[in-house]
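Following the numbering used here, the numbering of the sequence shown begins with 645 at its first residue and continues without gaps. Here a beta-carbon is modelled for each residue, glycine too, at the ideal position from N, C-alpha and C. A short worksheet on the structure shown next.
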Amino acid sequence: MRVSKADKMGSYLCRIGGYDVRQKITLPKSIKGHGGVQNTQGGTEGRIYKGKRLIESKLPSAWAAVKKAYKLACREGNAKDVPVKIRERYNLSCD
Numbered sequence: 645m646r647v648s649k650a651d652k653m654g655s656y657l658c659r660i661g662g663y664d665v666r667q668k669i670t671l672p673k674s675i676k677g678h679g680g681v682q683n684t685q686g687g688t689e690g691r692i693y694k695g696k697r698l699i700e701s702k703l704p705s706a707w708a709a710v711k712k713a714y715k716l717a718c719r720e721g722n723a724k725d726v727p728v729k730i731r732e733r734y735n736l737s738c739d
């Protein structure tokens with residue numbers, strides 16, 4: 645069976661400068677074994693991609709991933725390419 649891009653990389657949130665911000669969501673699972681049933685915890689993880697290349701992962705949330713991607717875009721000088729709607733939604737500024 646084929647694996648989709650969202651399963652492999654995470655769900656697409658927005659584009660900031662040249663970076664794609666994605667969010668990988670893992671659901672809690674129940675694993676049956678000889679010792680009984682064990683429950684694994686689910687969670688979210690923010691990721692930053694540039695094309696297919698993973699720049700940074702294991703960020704605590706999508707919000708943190710957007711902030712980090714905006715910092716990287718500011719450092720490169722591509723912050724002016726970010727739409728005003730996204731800047732207002734996530735309260736972004738180059739400080």
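Within 8 Å, strictly: CB atoms of residue i and residue j
i	j	result
A717	V728	no
V681	S674	yes
I660	T688	no
Cβ-based neighbour list, residue i, same chain, cut-off 8 Å, excluding 5 preceding and 5 following
i	result
L671	G686
Cut-off 7 Å between Cβ atoms - residues of its own chain near residue i, not counting five sequence neighbours on either side
i	result
K712	I692, E700 and L703
Residue burial classification, residue i (beta-carbon count within 10 angstroms, cutoff 16)
i	result
G679	exposed
G721	exposed
V710	buried
G690	buried
L736	buried
Nearest-angstrom Cβ-Cβ length linking residue i and residue j, presumed shorter than 8 Å
i	j	result
Y734	W707	7 Å
Nonlocal neighbours in the same chain, by C-beta distance under 6 Å from residue i, ignoring five residues either side
i	result
Y656	R666
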